[in-house]
Amino acid sequence: PDDYIPAAHFGDAVTIACSLLNPLTNPNMEDEEKWTPLMIAAVNGHTQAVKVLLDDKRVDPNRSTSFNRNSLILACRKGHPEVVQLLLDDERVDPNGWDMMGETAYIHARNKGHAAVVRLMEAHKRVDVGIRGPPVLYEGEGDLEATRAQMEKEKTKPKARPKAKPKAKGKGAAEPEEPKIRMIKPDP
Numbered sequence: 273p274d275d276y277i278p279a280a281h282f283g284d285a286v287t288i289a290c291s292l293l294n295p296l297t298n299p300n301m302e303d304e305e306k307w308t309p310l311m312i313a314a315v316n317g318h319t320q321a322v323k324v325l326l327d328d329k330r331v332d333p334n335r336s337t338s339f340n341r342n343s344l345i346l347a348c349r350k351g352h353p354e355v356v357q358l359l360l361d362d363e364r365v366d367p368n369g370w371d372m373m374g375e376t377a378y379i380h381a382r383n384k385g386h387a388a389v390v391r392l393m394e395a396h397k398r399v400d401v402g403i404r405g406p407p408v409l410y411e412g413e414g415d416l417e418a419t420r421a422q423m424e425k426e427k428t429k430p431k432a433r434p435k436a437k438p439k440a441k442g443k444g445a446a447e448p449e450e451p452k453i454r455m456i457k458p459d460p
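Here's what the structure looks like:
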């Protein structure tokens, strides 16, 4: 049981499988931050580890963090389509659960710009995509071009948030570099 949680961090599916065979292993044990091995494997995109964990029917895929985020929400936030598919294929997983901010896994994937995960969820029969918040995209994260194409298809226009330019201090001070993250929202 001592190797069970570290194995989830590293995606070591063999050690996880061996740990689950041990009757002393609690399949839903939590680390010091209250995360289960399934949550850890899902957020890190360890597909094989997630598969091994879901194959054990004692593992509760709907356990959640202190922010009420289950494994599906965590995988959607990080943009791991293979893990999301495994979780959606498991009938025990609630695909429409809300976190403490009132957001579903689908909303997280959309807001983070993970177009592959969004398309996968929109195609799944158990996912309620009726509530669509405006996408908040970060350049360099997710599939920005595909999301822009989707926004064009939906006839929404992205709008860049104005960037605050810090004032230079002192005479001849160099202008600071532009931030690399830019928030984009569609017009209301």
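For the sequence shown, counting from 1, position 83 maps to 355 in the numbering used here; every step adds exactly one. Backbone N, C-alpha and C fix where the C-beta goes; we use that ideal spot for every residue, glycine too.
Euclidean distance between Cα positions of residue i and residue j
{"i": "H380", "j": "V355", "result": "15 angstroms"}
{"i": "R391", "j": "P353", "result": "10 angstroms"}
{"i": "M393", "j": "P295", "result": "36 angstroms"}
{"i": "F339", "j": "D371", "result": "6 angstroms"}
{"i": "A240", "j": "T297", "result": "This structure cannot speak to residue 240, because the chain is shown only from 273 to 460."}
{"i": "L326", "j": "G374", "result": "26 angstroms"}
{"i": "T287", "j": "D275", "result": "7 angstroms"}
{"i": "K306", "j": "L346", "result": "14 angstroms"}
Contacts around residue i, its chain only, beta-carbon distance under 6 angstroms, and the 5 residues preceding and following it disregarded
{"i": "D328", "result": "L292 and P299"}
Local conformation of residue i per DSSP, three classes
{"i": "M372", "result": "coil"}
{"i": "V286", "result": "helix"}
{"i": "P438", "result": "Low per-residue confidence applies at P438: pLDDT is 47, beneath 50, and the placement is therefore not dependable, though the value from the model is reported in the following sentence. Three-state result, P438: coil."}
Same chain only: Cβ atoms within 7 angstroms of residue i, ignoring 5 sequence neighbours per side
{"i": "S343", "result": "L310, M311, A314, P333 and L359"}
{"i": "K350", "result": "V315 and G317"}
Nonlocal neighbours in the same chain, by C-beta distance under 8 angstroms from residue i, ignoring five residues either side
{"i": "D303", "result": "I277 and I312"}
**Item:** Completely contained beta strand (DSSP E) runs for the stretch 316 to 392, where each covers 3 or more residues
**Value:** Scanning the stretch 316 to 392 for uninterrupted beta strand (DSSP E) segments of 3 residues or longer gives nothing; none is fully contained.
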